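Presented below is the structure to which this report refers.
There are 2 protein chains.
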Amino acid sequence: MHALLLIAHGSRRRSSNEEIAALARSLDMRAGGRFASVRHAFLELAEPGIEQAIDRLAADGATAITVLPYFLAAGNHVREDIPALLDRGRARHPGVAIEMRPYLGTHAGVVDLLLEIALGEPG
Amino acid sequence: MHALLLIAHGSRRRSSNEEIAALARSLDMRAGGRFASVRHAFLELAEPGIEQAIDRLAADGATAITVLPYFLAAGNHVREDIPALLDRGRARHPGVAIEMRPYLGTHAGVVDLLLEIALGEPG
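Chains as they are written, first to last, in the numbering used here: chain U, 15 to 137; chain S, 15 to 137.
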């Protein structure tokens, strides 16, 4: 079973965290069944945490987890904190292939979205 | 003179902040002259700060500044910290119209970019 795990920073503001849960649901719908399960997790300040989410997916029978960092820049969270937590997940679940994809900010399409927002033409 | 100000969180990692400067340059090129000036600023941890950037744009003759928050979720930074700093800029520069646009995470196109990254088809 191949799962997608969206990872966001997490906020003290509940509505902000709920945006992430809604985004994961949108991703699930848009993915058209290409991932058997689409979940979200937070690096800090909110639950579920990354290790907790990996544990749950493993318990659900995931054999592969594609990790999608919902981050815009390669700060310490993307370069160090998230990879370290994924390594802990790998150590606990050696039968699960955990692959981290590039963070959102690497996608060239971000510039176009920003320009649309700047010009008042959001999609 | 109408300026665009891209606001990012800021990182202790210099390369991360340089990504933001490069993004502002890309926005400038993609905007095709619709903004006379495109600059970036950081909420914290890096320079220029938001107030400093507003001061500079005002000194350069900006009469309108469109503020574009390079953030993914409406945490306290987007809801409170950035608006408070913009209010201080407005107080110091009453002749400059400072308008904050929605943050990047509000754009529906984000889901498609994420899915492309997840599927290994980055644009």
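Heads up, the beta-carbon is just placed ideally off N, CA and C, and yes, glycines get one too. None of these values were measured; they are calculated from a predicted model.
Interface flag, U:Gly137 vs chain S, CB-CB below 7 Å: At U:Gly137, the pLDDT of 46 sits below 50, so the modelled position is not reliable and the matter cannot be decided from this model.
Cβ-based contacts, 9 Å cut-off: residues of the stretch 111–127 of chain U near chain S: Arg115, Pro116, Tyr117, Leu118, Gly119, Thr120, His121, Ala122, Gly123, Val124, Val125, Asp126, Leu127
Proximal residues, the stretch 69–103 of chain U versus chain S, C-beta separation under 8 Å: Thr80, Leu82, Tyr84, Phe85, Leu86, Ala87, Ala88, Gly89, Asn90, Arg93
Short CB-CB distance (under 7 Å) between U:Glu58 and chain S: no
C-beta neighbour in chain S for U:Ile131, strict 7 Å: yes
Where the alpha helix (DSSP H) through U:Ala88 begins and ends: First-last for U:Ala88: undefined, no H or E at that position.
The stretch 106–115 of chain U / the stretch 74–86 of chain U touching (three or more Cβ pairs under 8 Å): yes
Test: S:Glu33 CB closer than 7 Å to a CB of chain U: yes
Sufficient close CB pairs (3 or more, under 8 Å) joining the stretch 123–134 of chain S to the stretch 41–61 of chain U: yes
At least 3 beta-carbon pairs within less than 8 Å: the stretch 95–104 of chain S vs the stretch 22–40 of chain S: no
Assigned secondary structure, U:Glu135 (DSSP; H/G/I helix, E/B strand, else coil): coil
Residues of its chain near S:His68, where Cβ-Cβ distance is below 6 Å and the 5 sequence neighbours each way are ignored: Note that residue 68 of chain S corresponds to Ile in the displayed sequence, not to His. Answer for S:Ile68: Gly103, listed in chain order.
Short CB-CB distance (under 7 Å) between U:Leu19 and chain S: no
Contacts that U:Arg44 makes with chain S (C-beta to C-beta distance below 9 Å): Val125, Asp126, Leu128, Leu129
Supposed contact pair S:Gly89 and U:Arg27 - C-beta distance, whole angstroms, cut 8 Å: 5 Å
Buried or exposed (CB count within 10 angstroms, at least 16 for buried), U:Ser30: buried
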